[in-house]
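Protein chains in written order, with this note's numbering: chain B, 1 to 102; chain G, 103 to 593; chain L, 594 to 693; chain S, 694 to 1019. Backbone N, C-alpha and C fix where the C-beta goes; we use that ideal spot for every residue, glycine too. Just so you know, these numbers come straight off a predicted model, no measurement behind them. Contents: one structure, followed by commentary.
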Amino acid sequence: MNAAMLYALTGAGLFALGLYALAVQAHLLRKIIAFNVMGSGAFLVLGALAHRAPDQVADPVPHAMVITGIVVAVSATAFALVLMLRVQSETGQPHLPEQPSD
Amino acid sequence: MGTLSPDSPWTIWVIFSPLAGAVFTFLWPRRARLAVPLVALGTVGSVACLVWQVAELGVQSHALGGWAAPLGINLYADGLSAMMLLTTALVGAAVTFYATEYFRRASETARYFWPLWLCLWTALNALFLSWDIFNLYVAFELLGLAAIALVALAGSADALTGAMRYLLVSLLGSLTYLLGVALFYSTYGTLDIGLLGDLTAPSAASWAATGLMVAGLLLKTALFPLHFWLPPAHAAAPTPVSAILSALVVKASFYLLLRLWLEVFPVTAAGLGHLLGLLGALAIVWGSLQALRQTRLKLLVAYSTVAQLGYLFLAFPLALSPVAATAWSASVFFILSHALAKAAMFLAAGNILRFAGHDRIAELGRAPYGVSLSWAAFGVAGISIIGLPPSVGFAAKWLQLEAALAGGQWWWTLPIVGGGLLATAYVFKIISCVFSQNGRTSGTNGISWRMEWTAFGLSLAALGIGFAAPQLLALLNSGTPLALHEVGSAP
Amino acid sequence: MMLSQMITIVLLLAGAAFFLAGTLGLLRFPDVYTRLHALTKADNVGLGLVAAGLAIQAETWAAMGKMALIWLLVLLASATGAHLVARGALRRGIPPWTAR
Amino acid sequence: MDGAVNAAAWAFDALLVLTLLWLAWRVLMGPDLFKSIVFFIAFGLVMALAWVRLRAPDVALAEAAIGAGLTGALFLAALSRLAAGERIANAKRPVENSDTGKSTRPHRGVRMVFIAMSALFFGGLAAALLSLPAEAPGLTIQVAENLSTSGVSNPVTAVLLNFRGYDTLLEMGVLFLAVVAAWSLTPAPKEPVSPPGIVLASFVRVLSPMLLLAAGYLLWAGTHAPGGAFQAGSVLAAAAVLLLLSGKDMKANWPEWPLRVVLGLGLGVFIAIGLVMMLIGHRFLEYPLDYAGDLILLIEVAATLSIGVTLAALFLGGRPQRDERK
Chain B
1 MNAAMLYALT GAGLFALGLY ALAVQAHLLR KIIAFNVMGS GAFLVLGALA
51 HRAPDQVADP VPHAMVITGI VVAVSATAFA LVLMLRVQSE TGQPHLPEQP
101 SD
Chain G
103 MGTLSPDSPW TIWVIFSPLA GAVFTFLWPR RARLAVPLVA LGTVGSVACL
153 VWQVAELGVQ SHALGGWAAP LGINLYADGL SAMMLLTTAL VGAAVTFYAT
203 EYFRRASETA RYFWPLWLCL WTALNALFLS WDIFNLYVAF ELLGLAAIAL
253 VALAGSADAL TGAMRYLLVS LLGSLTYLLG VALFYSTYGT LDIGLLGDLT
303 APSAASWAAT GLMVAGLLLK TALFPLHFWL PPAHAAAPTP VSAILSALVV
353 KASFYLLLRL WLEVFPVTAA GLGHLLGLLG ALAIVWGSLQ ALRQTRLKLL
403 VAYSTVAQLG YLFLAFPLAL SPVAATAWSA SVFFILSHAL AKAAMFLAAG
453 NILRFAGHDR IAELGRAPYG VSLSWAAFGV AGISIIGLPP SVGFAAKWLQ
503 LEAALAGGQW WWTLPIVGGG LLATAYVFKI ISCVFSQNGR TSGTNGISWR
553 MEWTAFGLSL AALGIGFAAP QLLALLNSGT PLALHEVGSA P
Chain L
594 MMLSQMITIV LLLAGAAFFL AGTLGLLRFP DVYTRLHALT KADNVGLGLV
644 AAGLAIQAET WAAMGKMALI WLLVLLASAT GAHLVARGAL RRGIPPWTAR
Chain S
694 MDGAVNAAAW AFDALLVLTL LWLAWRVLMG PDLFKSIVFF IAFGLVMALA
744 WVRLRAPDVA LAEAAIGAGL TGALFLAALS RLAAGERIAN AKRPVENSDT
794 GKSTRPHRGV RMVFIAMSAL FFGGLAAALL SLPAEAPGLT IQVAENLSTS
844 GVSNPVTAVL LNFRGYDTLL EMGVLFLAVV AAWSLTPAPK EPVSPPGIVL
894 ASFVRVLSPM LLLAAGYLLW AGTHAPGGAF QAGSVLAAAA VLLLLSGKDM
944 KANWPEWPLR VVLGLGLGVF IAIGLVMMLI GHRFLEYPLD YAGDLILLIE
994 VAATLSIGVT LAALFLGGRP QRDERK
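See below:
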């Protein structure tokens, strides 16, 4: 195992941690933060795997993809936060109500 | 079409007409009423030209920036893309026409409806044309954000919580999909769907990538039991948005799943295919039963979407036989049929809701007399949803039954026929309102002829386009998108 | 080993020692004001030493200038930051710690 | 000596990775939301360090500026707005509000199920990762071969603005859409801005021109070194956020229409250049060899402005309020 794989596994770990937090945390702000951690994990997997051959120049395509991903993530986060505040002002709480049983 | 040069890159215009429209309507909201019909006309015209190209000249592709794959991104249009674009254009044009009337009074909302809807149209078209799995991720985010913002446009507590739940699901789906993209790229060193299709072979990494992508896309397509987010979001959205979401947006992720299944995923898996079929069958039964239980009109229509989406997934097991192309064609026909019919139903339901001031089914008794054409639209669309001739819905079910019987998998006929019966039940539950006397309406909201005729026209289109089934089948097979994996698909 | 390298090593080690002291202070000091004191003062010196050590190794004057600029900016930013944190704490009525 | 360097690098990587995971845990599971956000910012900065270790300085810049800085600022702003909203809700209904959300965590058994599922997910993904071949089949060579005709010499910029320019165009679309969507939801909340005090005011006065300079430098450097429109745009946004936080009321100073033009500028210029290229006989977004560098710079300047203003507008959290006088 080399350093790139170490970072890739860390990325997978961050994704899994975020997934867990997404499932157990009810507060919407925490869910949105969890998405950001998961996103960082996915980007780390993408970027680290591009780097497996140690003495090569790093592949720029995944780097460009990660930059695109970071910008997309911040856009989605900003929108999600505004939506969260609207939910709070409309329902009085920053959580989603329990799903009506269907 | 004489002036049309055969090699014009209509793929580009299909994407950038609505995007330019989105920027324009954001900058000059007051000019939107003038610009939107032009933009819609331009987009529909470009789609028509592209469809003509695909039908007459075969597959159209465009290497963006002049860089061929794997370095660059290709746009690619074959019969399958053309069918999806055509469906989107038909429903999109109708909904645009409807929305100019629907949003006439609510000015602050209308201001943002147009750029959001045109962004969504852009995203759909971009998605149907993209031939690059990372580019598809970006298009997906564009689609998801636009769709969610449109749901939230209704502004009610239901709409906002529905939108929030939709957002969480959508982001989770995208991230899972992105992880799959990372695995594919690091295994095969390309993002191009065509090149990946040549390279993918069964391995731990490609299986994991397949699993991640399928999971993400199922979440976005709202396949049972991942459908929980769909009914609240679709029902609480403004009427034109409900129509767009149910008719088009969920189909986009199904399209991508179908595309990747046919082109990219290694050796189409028998087990996974059967699982998807089983979930589809459960979705038909569960969604229909839930629809029957609903007491609100829009929620009933939304649950019907959950049920109808189930049919699309029956193709996965049915295609594990020598008649794969028939099974896939059936699914594409279902997409077309359901898009038109469900858009008609939601628009009709929206008219009734606005006219009556509520959508409690039990109290809609007197509503029919004010908006009779909307009720007619509901009934005619119901024919397609149930799958009676001569609708495309019938053609789709017929193809599916044929695939089930010819492929020796008769047991799949049970959900197909049973779902039809259940659909009959819930459509009649609504229609019977016409004849009941206990109704309560505010009766003050007049519905303009445009809104009624749009719903009715769409329902007629769902019925009548069945007559064009042979031509559509020919278009669909341009570039043989459905036949590529027929050999490899046997277990 | 050249003299410049030796100087760099000494400077880096000294810088690290200041960072260590600052971190210890952050962890061990009793209230927000004393912690701020430990953090900003010690770390600014530490960073200055590290920057100086690296500047000696820099190949161009421009690179050296950038190191100096980094240090200056961090000085400014951490001074302002410390001020803001302390002011915020005072406004919220957190009393400064007094020995016994 | 080589062995020692290797071992040190290994130790550093291991430490970095453990720090990342620990920080992520504190971010996700810490009891206090404010601390979680502070930890998130630290997490972003350590992540930037990881990107440096992976020889991706462009990504490191983007992560530090956008991932840690701006996202962190967005979170903090949202948190204080949540608190303000809660105060309003409490004032309306003083009795029933005692639950601040801490009791909403699920039951222990449910949590165990989720832990097991996440662990399973990680296990499967890790197995797939470990099964990958040691050599990465990438596009490094293709990028290097075509770099000379791309108009820029930084490979990442070449990918972002030339080879895969269409991705970036759609991404500008996503940014544009985020503003439209945020504006459609709500007017920007009116927040009382406390006077900044002399220290902050003079700091901002020194820093904001330097940030402008840094943004310009990053933009220019992006053609041949790490940097580019996104990093420059986010520095620009940081300057705007700083000004907003120190009490500059830009909402009043900036009429809405020019603001909208700048928001749409990046996307508009990008589309226009793409279409013009197509109309003069090239492919969409295919730059003629002699003008590639200039065209990319033109797109990047427009994009930088748009990105900076977009991110700052998103920080405001809604559409500009109309003048009440009208």
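- Rounded to whole angstroms, the separation of the alpha carbons of F242/G and G459/G is 35 Å.
- In chain order, L277 make up the part of chain G whose C-beta sits under 7 Å from the C-beta of M38/B.
- In this chain, the alpha helix (DSSP H) harbouring A479/G covers 474 to 488.
- Cβ contact annotation for P340/G (same chain, cutoff 6 Å, sequence separation greater than five): L255, A256, in chain order.
- With fewer than 16 other Cβ atoms from the protein chains shown falling within 10 Å of its own Cβ, K728/S counts as exposed.
- Here L177/G is not near L358/G, since their CB atoms are 8 Å or more apart.
- Against chain S, the beta carbon of P94/B has neighbours under 9 Å at L775, G778, E779, G794, listed in chain order.
- Only residues of its own chain outside the window of five on either side were considered, and among them V529 have a CB closer than 6 Å to the CB of G484/G, listed in chain order.
- When C-alpha distances from A996/S are compared across A985/S, F856/S, E979/S, G961/S, the shortest belongs to G961/S.
- The beta-carbon separation of N579/G and G296/G, rounded to 18 Å, does not stay under the 8 Å limit for a contact.
- Cβ-Cβ distances below 6 Å link G639/L to G608, F611, F612 in the same chain, with the five nearest sequence neighbours on each side left out; the list follows chain order.
- Contact of V1002/S with chain G by beta-carbon distance below 7 Å is absent, the smallest such distance being about 14 Å.
- Shown here for S40/B: same chain residues with a beta carbon closer than 7 Å to its own, the five before and five after excluded, namely L14 in chain order.
- Taking all protein chains in view, the Cβ of I687/L is surrounded by fewer than 16 other Cβ atoms within 10 Å, so the residue is classified as exposed.
- Taking 8 Å as the cut-off, the beta carbon of V934/S is found no closer than this to the beta carbon of A1006/S.
- Spanning the alpha carbons of A771/S and K400/G requires a straight line of approximately 33 Å.
- Y178/G carries a strand assignment under DSSP once its states are collapsed to helix, strand and coil.
- Your pair P419/G and Q502/G does not check out as a contact, with CB atoms roughly 11 Å apart and the cut at 8 Å.
- The beta-carbon separation of P120/G and L220/G, rounded to 5 Å, stays under the 8 Å limit for a contact.
- D860/S has no beta-bridge partner at all, per DSSP.
- No Cβ of chain S is located within less than 8 Å of the beta carbon of R621/L.
- When the five nearest sequence neighbours on each side are left out, the beta carbons in the same chain lying within less than 6 Å of the beta carbon of A345/G are those of V197, A445, F448, L449, in order along the chain.
- Against chain S, the beta carbon of L669/L has neighbours under 8 Å at F896, V899, L900, listed in chain order.
- Within chain S, the residues V873 have their CB atoms less than 7 Å from the CB of P217/G, given in chain order.
- In the three-state reduction of the DSSP assignment, H164/G falls in the strand class, which pools E and B.
- Using a CB distance below 8 Å, the part of the segment 64 to 92 of chain B facing chain G consists of M65, T68, G69, V72, S75, A76, F79, A80, L83, M84, R86, V87, E90, T91, ordered along the chain.
- Counting along the chain, the unbroken alpha helix (DSSP H) around Q924/S starts and ends at 922 to 938.
- In the DSSP assignment, H440/G falls within the unbroken alpha helix (DSSP H) covering 426 to 458.
- The C-beta separation of L711/S from L173/G comes to about 37 Å, leaving the pair out of contact by the 8 Å criterion.
- Residue F326/G holds the alpha-carbon nearest to the alpha-carbon of L381/G among P368/G, A310/G, F326/G.
- Against chain L, the beta carbon of G890/S has neighbours under 9 Å at H676, L677, R680, listed in chain order.
- Of all residues in the segment 210 to 241 of chain G, only F236, V240 come within less than 7 Å of chain B when Cβ atoms are compared, listed by chain position.
- Within chain S, the residues L832, Q835 have their CB atoms less than 8 Å from the CB of P172/G, given in chain order.
- One alpha carbon belongs to L596/L, the other to A635/L, and they sit about 27 Å apart.
- If you draw a straight line from the Cα of I533/G to the Cα of T211/G, it is about 32 Å long.
- Residue burial annotation: G816/S is exposed, with fewer than 16 other C-beta atoms found within 10 angstroms of its C-beta.
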